[in-house]
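Residue numbers (our numbering), protein chains in the order written: chain C, 13 to 126; chain P, 480 to 593. Notes follow the structure.
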Amino acid sequence: ETGVTQSPTHLIKTRGQQVTLRCSSQSGHNTVSWYQQALGQGPQFIFQYYREEENGRGNFPPRFSGLQFPNYSSELNVNALELDDSALYLCASSLGLAESYEQYFGPGTRLTVT
Amino acid sequence: KQEVTQIPAALSVPEGENLVLNCSFTDSAIYNLQWFRQDPGKGLTSLLLIQSSQREQTSGRLNASLDKSSGRSTLYIAASQPGDSATYLCAVGPGPTGANNLFFGTGTRLTVIP
């Protein structure tokens, strides 16, 4: 069984640019959540997708957007990058929306904005 | 608003010692609590998931307890080893956004000295 994978591993972008991060969920999982983890902090919830629809969003501006595809893989897009967007971006998948379902995390994408 | 606090922020112990990591949360209306391990620059590895109806979970040398009414959880690590050195994160779900997301503490950085 393949776990959650993310690409790329590392990325360096310039302020003002746009970036797309990708996530493949664990087999059989239809729910994907994205988190941002700044250095020395716990992960902060960005948004969640369930069966291709957004199902909740944290306190992030609209320049953070996402997609979920029919195979339940997902993308996180960030426009007009700012220096504070530098962080580890984590994707997590679960079997569904039920609170009892465990969330499984990928290895993350390290984004550096210069 | 849910707040998750982990004490201590950092802990250094000699190999072989038993230790306890603490997690507290302000809103007791949670469905589950997860403990994660994070190695430097890496993703999250789930250690234990406790449903709100449970009081504790055990896996090998790890034991996690949950007291929902008092808003507290502890992670007990027996006979610590240098390989246990990592940051340990506690997370409660669901978060306050209405989605089935996790709300994280800032972690305890554990160093086990050989």
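Built from N, CA and C at the ideal position, the CB exists for glycine as well. These figures come from a predicted structure and were not determined experimentally.
DSSP places Glu87 (chain C) inside the beta strand (DSSP E), whose first and last residues are 86 to 90. Residue pairing for Gly572 (chain P): DSSP places it in a beta bridge opposite P:Asn511. Annotated as proximal: Leu545 (chain P) and Ile529 (chain P), with beta-carbon spacing under 8 Å. Inter-residue distance for Leu490 (chain P) and Phe81 (chain C) is about 42 Å (C-alpha atoms, whole angstroms). Between the segment 535 to 551 of chain P and the segment 67 to 81 of chain C, the count of C-beta pairs closer than 8 Å stays below three; the two stretches do not touch. The Cβ neighbour count for Thr121 (chain C), taken over all protein chains shown within 10 Å, is at least 16; the residue is labelled buried. Shown here, Leu554 (chain P) sits in a strand according to DSSP, grouped into three states. Boundaries of the beta strand (DSSP E) around Leu500 (chain P): 498 to 504. Three or more Cβ pairs drawn from the segment 40 to 48 of chain C and the segment 84 to 93 of chain C lie within less than 8 Å of each other, which places the two stretches in contact. The CB of Glu87 (chain C) never comes closer than 8 Å to any CB in chain P; the least such distance is about 18 Å.
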